[in-house]
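Participant:
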């Protein structure tokens with residue numbers, strides 16, 4: 001798309017990101033043109049409405065507003081619906097009684113005191129359209145339990161100490177049980193031997 005403005009032509013690409021607005025029918029919508037980092041002298045407002053094929057091909061000049069709030073409207077523009085003004089460090093386009101026919105791309109071109117022109121990001125107006133549902137927020141991941149790794153020297157009194165202590169207690173108990181069983185077995189061994197020799201002597 002080519003928009004003829006003032007002293008030259010400015011290219012507006014349909015691929016550029018738009019700020020999408022979803023006003024209700026018969027409501028009011030405000031579009032700002034920020035003068036950040038620009039010594040603004042005036043602003044020029046334009047809009048492009050979709051054709052029957054859905055393409056944005058032609059542009060309509062809405063009007064001009066300067067720092068003194070002097071406004072000049074374009075041919076055929078309803079002044080009661082489109083209000084141009086200066087507010088703080090921005091120029092404002094206020095659309096009253098928004099209708100479905102106001103669907104379109106709204107853009108502004110700033111002009112500084114040196115007659116330099118700056119095209120600002122456009123806004124896509126979609127009256128009566130339901131805004132898309134934002135994607136659900138990702139669920140937070142469950143916290144990961146920290147793995148306790150004890151240093152070889154000066155282990156902490158709690159935490160890791162208990163993790164090392166309980167296996168040692170189990171090992172000691174196992175060894176003690178094995179020793180008791182061994183002693184019990186050998187303590188009964190002489191009785192078994194005496195019984196065996198006595199039985200063998202009777203057989204002789």
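Numbering (UniProt numbering), first residue to last: 1 to 204. Ideal Cβ positions, reconstructed from N, Cα and C, are used throughout, including at glycine.
#1: For residue 100, tell me which candidate among 24, 145, 43 has the shortest Cα-Cα distance.
#2: In the UniProt domain "Ig-like" (17-125), which residue ranges form an unbroken beta strand (DSSP E) of at least 3 residues, counting only runs that do not cross its ends?
#3: Within 7 angstroms of any Cβ in chain B, is that where the Cβ of residue 117 sits?
#4: Take residue 116 as the anchor and find which of 137, 22, 40 has the nearest alpha-carbon.
#5: What residues in its chain sit with their C-beta under 6 angstroms from that of residue 79, if we drop five residues either side in the sequence?
#6: Rounded to a whole number of angstroms, what is the C-alpha to C-alpha distance between residue 19 and residue 140?
#7: By how many angstroms is the C-alpha of residue 70 removed from the C-alpha of residue 85?
#8: If we call anything under 7 angstroms between Cβ atoms a contact, is residue 122 one with residue 95?
Facilitator: From the atom records:
#1: For the residues 24, 145, 43, the minimum Cα distance to residue 100 belongs to 24.
#2: The qualifying runs are 19-21, 29-34, 40-48, 60-66, 71-73, 82-87, 90-95, 104-112, 117-119, 123-125.
#3: Although the question refers to chain B, the structure presented lacks it and comprises just one protein chain.
#4: Cα-wise, what sits closest to residue 116 is 40.
#5: Residues of the same chain with a CB within less than 6 angstroms of the CB of residue 79, apart from the 5 flanking positions on each side, are 73 in chain order.
#6: Approximately 30 angstroms between the Cα atoms of the pair.
#7: CA-to-CA, the gap between residue 85 and residue 70 works out to about 8 angstroms.
#8: No, these two residues do not count as a Cβ contact at 7 angstroms.
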